[in-house]
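What follows is one structure encoded as structure tokens, with my remarks underneath.
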Amino acid sequence: SQTIHQWPATLVQPVGSPLSLECTVEGTSNPNLYWYRQAAGRGLQLLFYSVGIGQISSEVPQNLSASRPQDRQFILSSKKLLLSDSGFYLCAWTPSGELFFGEGSRLTVL
Amino acid sequence: QKEVEQDPGPLSVPEGAIVSLNCTYSNSAFQYFMWYRQYSRKGPELLMYTYSSGNKEDGRFTAQVDKSSKYISLFIRDSQPSDSATYLCAMSDSGGGADGLTFGKGTHLIIQP
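These protein sequence lines are chains X and C, in that order. For what it's worth, the working numbering labels the leading residue of the first sequence as 1, then goes sequentially. For what it's worth, the working numbering labels the leading residue of the second sequence as 1001, then goes sequentially.
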């Protein structure tokens, strides 16, 4: 069966520090992968999606970037965090339209 | 007008009651409809996935789609305290990828023991 892993689960970072969130999917090959952010009162916001290695589409211009160095690995990064980057970050994958989410990474920027 | 509207709640009901959660939408091209359950500080979990109009039942859960009214519902029978969570609706005009998926903001449900 397929599973999706995200880490770290929780992190607290100072403004201006870098960020790296990782996501891996097991049990499938060439999945479509997604990064979402969920902020209080704002719902789920699609940040990036990838249909293959090195292929990244950005939905929202911002302080974040994504990379897909391997087939089942998706990384969300920032060089310098802003206060507004705080939120709950979710990785997801889809076999055919319906999304399956990871457990999420809660980021607090102070 | 927002594409998907969902009452944020909280909706509080006694244990054993039938719960009705709803979303309305404006895009008539939506054909694929999903309901997710999200516990606090956890990722959303897919509950129901339906295509076009009609009903779909899975245990205590029933998803209903009325495309003519642009209205979808999730019914929970014999509600349990463990059903307390935020319920998100989502919909898409194509089944091939989540880049076209639009989410509601979620309804916070509380089942009182």
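Note that CB positions come from ideal geometry on N, CA and C, so glycine has one too.
*Residues that DSSP places opposite ALA92(X) in a beta bridge*: Beta-bridge pairing links ALA92(X) to TYR34(X), PHE101(X).
*If you pair each beta-carbon of the region 60 to 72 of chain X with each one of the region 10 to 28 of chain X, do three or more pairs fall below 8 angstroms?*
Verdict: yes, contact present.
_Give me, in chain order, the residues of the same chain whose beta-carbon lies closer than 7 angstroms to that of MET1048(C); leave out the 5 immediate sequence neighbours on both sides._
Closer than 7 angstroms at Cβ, skipping near neighbours: MET1034, TRP1035, LYS1056, ASP1058, PHE1061, ALA1063, LEU1074.
*Any chance you could list the beta strand (DSSP E) runs of at least 3 consecutive residues sitting entirely within the region 1030 to 1087 of chain C, in chain order?*
Counting whole runs of 3 or more residues, the region 1030 to 1087 of chain C contains the beta strand (DSSP E) stretches 1032 to 1038, 1045 to 1051, 1054 to 1058, 1061 to 1066, 1071 to 1076.
*asked:* Taking its Cβ as the centre, do 16 or more other Cβ atoms sit within 10 Å of ARG1037(C), making it buried, or is it exposed?
replied: Buried.
*May I have the straight-line CA-CA distance separating VAL12(X) from CYS1023(C), to the nearest angstrom?*
Near 35 angstroms, if we compare the C-alpha coordinates of CYS1023(C) and VAL12(X).
*Please confirm if the region 1078 to 1085 of chain C is in contact with the region 94 to 102 of chain X, defined as three or more CB-CB distances below 8 angstroms between the two stretches.*
The region 1078 to 1085 of chain C vs the region 94 to 102 of chain X: no contact.
*Beta carbon proximity, GLU1005(C) to chain X, threshold 9 angstroms*: Against chain X, the CB of GLU1005(C) has no partner CB under 9 angstroms away; the residue lies outside that interface.
_For LEU82(X), three-class secondary structure by DSSP_ = Here LEU82(X) carries a coil assignment [DSSP, helix/strand/coil].
*Out of VAL109(X), GLU103(X), VAL60(X), LEU110(X), state which residue places its alpha-carbon closest to the alpha-carbon of GLN6(X).*
If we check each option's Cα against that of GLN6(X), GLU103(X) comes out closest.
*Helix, strand or coil: which one does DSSP assign to GLY43(X)?*
DSSP places GLY43(X) in strand when its eight states are reduced to three.
*Spell out whether any CB of chain X is found under 9 angstroms from the CB atom of TYR1036(C).*
Answer yes: the Cβ-Cβ gap between TYR1036(C) and chain X drops below 9 angstroms somewhere.
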